[in-house]
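**Q** Taken in sequence, the protein lines are chains A and B.
Letter by letter, the first sequence follows residues 1 to 482 of this note's numbering.
Letter by letter, the second sequence follows residues 483 to 802 of this note's numbering.
From the three backbone atoms N, C-alpha and C, an ideal C-beta is built for every residue, glycine too.
Okay, handing you the structure first.
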Amino acid sequence: MKISSIEYASVQAYDELLDQHLRPRAVAKPLFDYLSSLDEKELQDRRHAVEATIMAMGITFTIYSDAGNIDRAWPFDVVPRVMSRREWEPIQAGLKQRLTALNMFINDLYNKQQIVKDGVFPIEVLKGSANFRKQCVGVTPRFGAWAHICGTDLVRDSDGTMYVLEDNLRVPSGVSYMLENRQIMKRIFPELFRTSTILPVDDYPTQLYNTLAALSPRNGEVPVIVVLTPGIYNSAYFEHSYLAQQMGVYLVEGSDLIVDENDVVYMKNITGLQRVDVIYRRIDDDFLDPEVFNPESVLGVRGLMRAWRSGNVAIANAPGAGVADDKVVYTFVPKIIKYYLDQDPILQNVPSYMCMYDDQREYVINNLDKLVVKPANESGGYGMLIGPRATQAERNQFKELILNNPRNYMAQPTLNISTAPTIIEGQLAPRHLDLRPFVLQSDNLYATTGGLTRVAMRQGSLVVNSSQGGGSKDTWIVEEDI
Amino acid sequence: MLARDAENLYWMARYLERAENTARLIIKISDTLLDIPNGASLGWGTLLKVAGLDQLYKEYYDDANENDIMHFLIADERNPSSILACVKFARENTRTLREMLPEDLWERINGLYLYIQNNLQDASKNRRNKYMFLQSIISQRHAIIGLIACAMEQDLAFHFIKLGRSIERADMTTRIMDINYAISLPEDHPLFEITMQTLWAGILKSLSAFQTYRRLKAFHVNMPDVVDFLFHEKRFPRSVRHCLAEIEACLQLMPQSEKIIIATNSAQTNLSQLNTKAMNLTKLHEYIDVSQLYLGKIHQAIDLVYFRAYETQASVQISA
Chain A
1 MKISSIEYAS
11 VQAYDELLDQ
21 HLRPRAVAKP
31 LFDYLSSLDE
41 KELQDRRHAV
51 EATIMAMGIT
61 FTIYSDAGNI
71 DRAWPFDVVP
81 RVMSRREWEP
91 IQAGLKQRLT
101 ALNMFINDLY
111 NKQQIVKDGV
121 FPIEVLKGSA
131 NFRKQCVGVT
141 PRFGAWAHIC
151 GTDLVRDSDG
161 TMYVLEDNLR
171 VPSGVSYMLE
181 NRQIMKRIFP
191 ELFRTSTILP
201 VDDYPTQLYN
211 TLAALSPRNG
221 EVPVIVVLTP
231 GIYNSAYFEH
241 SYLAQQMGVY
251 LVEGSDLIVD
261 ENDVVYMKNI
271 TGLQRVDVIY
281 RRIDDDFLDP
291 EVFNPESVLG
301 VRGLMRAWRS
311 GNVAIANAPG
321 AGVADDKVVY
331 TFVPKIIKYY
341 LDQDPILQNV
351 PSYMCMYDDQ
361 REYVINNLDK
371 LVVKPANESG
381 GYGMLIGPRA
391 TQAERNQFKE
401 LILNNPRNYM
411 AQPTLNISTA
421 PTIIEGQLAP
431 RHLDLRPFVL
441 QSDNLYATTG
451 GLTRVAMRQG
461 SLVVNSSQGG
471 GSKDTWIVEE
481 DI
Chain B
483 MLARDAENLY
493 WMARYLERAE
503 NTARLIIKIS
513 DTLLDIPNGA
523 SLGWGTLLKV
533 AGLDQLYKEY
543 YDDANENDIM
553 HFLIADERNP
563 SSILACVKFA
573 RENTRTLREM
583 LPEDLWERIN
593 GLYLYIQNNL
603 QDASKNRRNK
613 YMFLQSIISQ
623 RHAIIGLIAC
633 AMEQDLAFHF
643 IKLGRSIERA
653 DMTTRIMDIN
663 YAISLPEDHP
673 LFEITMQTLW
683 AGILKSLSAF
693 QTYRRLKAFH
703 VNMPDVVDFL
713 FHEKRFPRSV
723 RHCLAEIEAC
733 LQLMPQSEKI
743 IIATNSAQTN
753 LSQLNTKAMN
763 LTKLHEYIDV
773 SQLYLGKIHQ
783 AIDLVYFRAY
793 ETQASVQISA
């Protein structure tokens, strides 16, 4: 397999597998030895086998378009992203540190607000937060944990440093693809797993089950756990169904649940009602309970918030956890870690400018051509401005948006995010990628080994979201030969 | 088991059974058109009534003719009993049930749906294509049943599938039996005898029952024997009695099924009151109507006991 040196010459980013002379890095050497032993045809055959496997396993996600909703096969690149265990372990520790602090922060915000009183977190940021739910004030969920499942997006800049891009604390998705990617690789390239020590990822469903089970309000009984999905038309429905199946728990929709006048949640079974202890919800706060949030919601369950506040049911992630999943709050995370844990952050934040402060806003407005501007509460890569690639008209439009609602915007320097060789038209070409590990917290802390690597399949593109044409790769944390 | 999952499994099975039997019904109608002599006619309106679709058809079409009716039965999505609509519903239901069904089942049902979509146009070009198309649907459906029979654990999910399939099958057997009611042929027509024989043999063939009938019942084909066979022959899997026995056997293994068993037993009692000796097409048609009501009552009991169990549970008060 040939490396596209022309494309590589045109990007100035760090490559995960190749050094600046396009030689494989030590960690990727066995992989490249193997790949170069395959001829073109053999590799093509394997790629076709991968595509067939993906179709047969039915790994799809739904794309919404004017032409109707279509189920699309998950685009997958067979060249894995490889990282050494030595590099991974501090990252893993950093992820756990971050989630611990974020959960203490959320719990504080809904209770004493000590961090505000101590002047570390500005009251005006809190006031402007769209995801602060006053209905959650005064609640302390078990173990003080609000965000039980967190998907943290990491990127690597050209100097090799890993940065946290954002923390997804609402309903992060993608973990099923991490698991399925590994299954596919094992099926199609079994030889690779014999020659290298690749750390397994498959314990995630068990860890997730344990995390959820620990939240059950009924001690001493086998907890009844459900995954609450918006239904088959949700883009992540495949994942909801997959996780329910892997954990051996029920997959339910809002209409399957009911809350009685004693604020207990039941599901509608064929023999009557069965009490539910833990809900792993995959619907947003807004739709969770029409009694409290969006009254038009048909996805949620009337009375669910009453049941949760009374402690009769656990909800993961807890309602209101999204208050810390906000791109403006993000900029405070290093201070939040220092404040609650009295530790220095292990993982770095991307330097950020907050438009709510006059001097920083002025800098942003004057440097729109160098910056990436993000709205505070959007996800999926929507509503951002990538300054260096935008037209003047787009930049002017963002200037307006920022001036009209400064609290809602933050900006970061354009990172030269790293690439990895990806098979494009029979050659290995550099494509930009990120990494989303998943972190769990209830009575224990857990972080996945690696995570989901998402890759922008279009040349030069920095947008890795599956809703916008991104694909994925298997992620290997390997034991280096000593 | 979740009530919604149970209901989806049950309807998935009913839709697939209905799709297959609608294909059988259409094959039978097409054959009938070839079999009836000059001087006889097929009442298209009556045919729709037999299929239970006359009201719905009137909403969308002005007159009852072969082309429109064929389209209505095969490909019109506004008709929830059309083959296309049935398979589409079954496919949507299967998507929500993937975690409790054999792995390949979704692919099979998805494959059947794609086959129908891709071949609809060809099938409507001529009779031969249509016949091949319908036969293929029937055999793909058989592969689906085979997968369920061979690869699925026989737990509650399996029982709900079996319940749905058996009720729908009994119902469709009676509807297909009723097709001859739509024929008008004067009794003094010189070909009356032979034509009626051909038409009843056609019904047996469309239900894959001809061989079994000959072996177990009689060599000669006549209405009383055919009707008796299709209602009562417990060894033939599409007979009403066989389907009711399957339903009862299933219910014996399921929780809280007493009321549904009572409804099933009523339908069985009704069966034993059928007198085929003094039978004519009109009496048969009336009897079939009654039989369908009994099947409907079994469905209502299943719906009430399982799909709406939570509504009747008195111990829990739901606040509005």
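Jot down the residue ranges of each uninterrupted beta strand (DSSP E) in the region 121-166 of chain A, minimum 3 residues, whole runs only, in chain order.
**A** With a minimum length of 3 residues, the continuous beta strand (DSSP E) runs that stay inside the region 121-166 of chain A are 149-156.
**Q** Three or more C-beta pairs closer than 8 Å, one from the region 632-643 of chain B and one from the region 522-538 of chain B: is that the case here?
**A** Touching, no.
**Q** Mind reading off the beta-carbon distance from PRO430 (chain A) to PRO421 (chain A)? Whole number of angstroms is fine, and I expect it under 8 Å.
**A** With a Cβ gap of about 7 Å, PRO430 (chain A) and PRO421 (chain A) count as contacting.
**Q** Please report the distance separating the alpha-carbon of SER621 (chain B) from that of ASN503 (chain B).
**A** Roughly 12 Å separates the two Cα atoms.
**Q** For the region 587-606 of chain B, which residues have a CB atom closer than 9 Å to at least one CB atom of chain A, in sequence order?
**A** Per Cβ criterion, the list reads TRP588, GLU589 and ASN592.
**Q** Using a beta-carbon distance cut-off of less than 7 Å, what residues from the region 312-333 of chain A approach chain B?
**A** Taking 7 Å as the Cβ-Cβ cut-off against chain B, none of the residues of the region 312-333 of chain A qualify.
**Q** Alpha carbon to alpha carbon, how far is SER4 (chain A) from ASP33 (chain A)?
**A** Whole-angstrom Cα-Cα distance: 17 Å.
**Q** Kindly indicate the opening and closing residues of the alpha helix (DSSP H) around ARG577 (chain B).
**A** First-last of the alpha helix (DSSP H) with ARG577 (chain B): 565-577.
**Q** Give the straight-line distance between the Cα atoms of TRP146 (chain A) and GLU291 (chain A), rounded to the nearest whole angstrom.
**A** Approximately 21 Å, taken between the alpha carbons.
**Q** Going by the CB atoms, is the gap between ALA214 (chain A) and VAL265 (chain A) shorter than 7 Å?
**A** No, they are not a contact pair.
**Q** Helix, strand or coil: how does DSSP classify PHE76 (chain A) here?
**A** DSSP places PHE76 (chain A) in strand when its eight states are reduced to three.
**Q** For ILE780 (chain B), which residues of its own chain have a beta-carbon under 7 Å away from its beta-carbon, when the five flanking residues on both sides are left out?
**A** Only ILE649, ILE729, ILE742, ALA745, THR746 and ALA749 meet the Cβ criterion.
**Q** Is there at least one Cβ from chain A nearer than 7 Å to GLN782 (chain B)'s Cβ?
**A** No, because no Cβ of chain A sits closer than 7 Å to the Cβ of GLN782 (chain B).
**Q** Do the region 601-611 of chain B and the region 549-558 of chain B make contact, defined as three or more Cβ pairs closer than 8 Å?
**A** Yes, they touch.
**Q** Can you give me the C-alpha to C-alpha distance between TYR64 (chain A) and THR229 (chain A), rounded to a whole angstrom?
**A** Only weak support exists for where TYR64 (chain A) lies, its pLDDT of 48 falling under 50; the value from the coordinates is given anyway. Those two C-alpha atoms are separated by around 17 Å.
**Q** Under a CB-based cut-off of 7 Å, is GLY300 (chain A) close to chain B?
**A** GLY300 (chain A) does not count as touching chain B.
**Q** According to DSSP, is TYR446 (chain A) helix, strand or coil?
**A** In the structure shown, TYR446 (chain A) sits in a strand (DSSP, three-state: E or B).
**Q** Please classify TYR489 (chain A) as buried or exposed, where buried requires at least 16 neighbouring CB atoms within 10 angstroms.
**A** Given a span of 1 to 482 for chain A in the structure shown, any question on residue 489 (chain A) remains unanswerable.
**Q** Look at the alpha carbon of PHE674 (chain B) and the alpha carbon of PHE238 (chain A), and state the distance between them as a whole number of angstroms.
**A** For PHE674 (chain B) and PHE238 (chain A), the distance between alpha carbons rounds to 59 Å.
**Q** Just checking my contact of ILE184 (chain A) with VAL50 (chain A) at CB under 8 Å: how many whole Å lie between their CB atoms?
**A** Indeed, because the Cβ distance is near 6 Å, the residues count as touching under 8 Å.
**Q** In angstroms, rounded to a whole number, what distance separates the CA positions of TYR339 (chain A) and LYS117 (chain A)?
**A** One C-alpha to the other measures close to 12 Å.
**Q** Starting from the beta carbon of ALA488 (chain B), find every residue of chain A whose beta carbon is closer than 9 Å, and list them in chain order.
**A** The contacting residues are ASN269 and ILE270.
**Q** Could you check if VAL464 (chain A) is buried or exposed, using at least 16 other CB atoms within 10 Å of its CB as the buried criterion?
**A** Label assigned to VAL464 (chain A): buried.
**Q** Jot down the residue ranges of each uninterrupted beta strand (DSSP E) in the region 667-734 of chain B, minimum 3 residues, whole runs only, in chain order.
**A** Entirely contained in the region 667-734 of chain B, not one beta strand (DSSP E) run reaches 3 residues.
**Q** Using the C-alpha atoms, what's the distance from GLU362 (chain A) back to PHE121 (chain A)?
**A** Distance between the alpha carbons of PHE121 (chain A) and GLU362 (chain A) is about 22 Å.
**Q** Reducing DSSP to helix, strand and coil, say where TYR497 (chain B) ends up.
**A** Of the three classes helix, strand and coil, the one that applies to TYR497 (chain B) here is helix, per DSSP.
**Q** With DSSP as the reference, identify every bridge partner of PHE438 (chain A), one or two as the case may be.
**A** According to DSSP, PHE438 (chain A) bridges with A:GLY151.
**Q** My guess is that ILE483 (chain A) and ARG577 (chain B) are in contact by the Cβ rule of under 8 Å, so how many angstroms apart are they, rounded?
**A** The question about residue 483 (chain A) has no answer, for chain A in this structure spans 1 to 482.
**Q** Chain A partners of ARG577 (chain B), CB-CB under 7 Å?
**A** Per Cβ cutoff of 7 Å: ILE232.
**Q** Could you tell me whether the region 567-586 of chain B touches the region 240-256 of chain A, where touching means 3 or more Cβ pairs closer than 8 Å?
**A** Yes, the region 567-586 of chain B is in contact with the region 240-256 of chain A.
**Q** Interface residues of chain B around TYR250 (chain A) at Cβ under 8 Å?
**A** Ordered by position in chain B, the residues that pass the 8 Å Cβ test against TYR250 (chain A) are LEU484.
**Q** Please classify PHE701 (chain B) as buried or exposed, where buried requires at least 16 neighbouring CB atoms within 10 angstroms.
**A** Under this definition PHE701 (chain B) is an exposed residue.
**Q** Could you pull the start and end residues of the beta strand (DSSP E) that GLY471 (chain A) belongs to?
**A** Counting along the chain, the beta strand (DSSP E) containing GLY471 (chain A) begins and ends at 470-478.
**Q** ASN317 (chain A) to GLU166 (chain A), Cα distance in whole Å?
**A** Going by the C-alpha atoms only, they are around 17 Å apart.
**Q** Find the residues of chain B that neighbour ALA485 (chain A), judging by a C-beta separation of less than 9 Å, and give them in chain order.
**A** Because chain A here runs from 1 to 482, residue 485 (chain A) falls outside it and cannot be looked at.
**Q** For ARG218 (chain A), collect the residues of the same chain with a Cβ closer than 7 Å to its Cβ; drop the 5 residues on either side in sequence, then sort them by chain order.
**A** So the list reads ASP277, once near-sequence residues are dropped.
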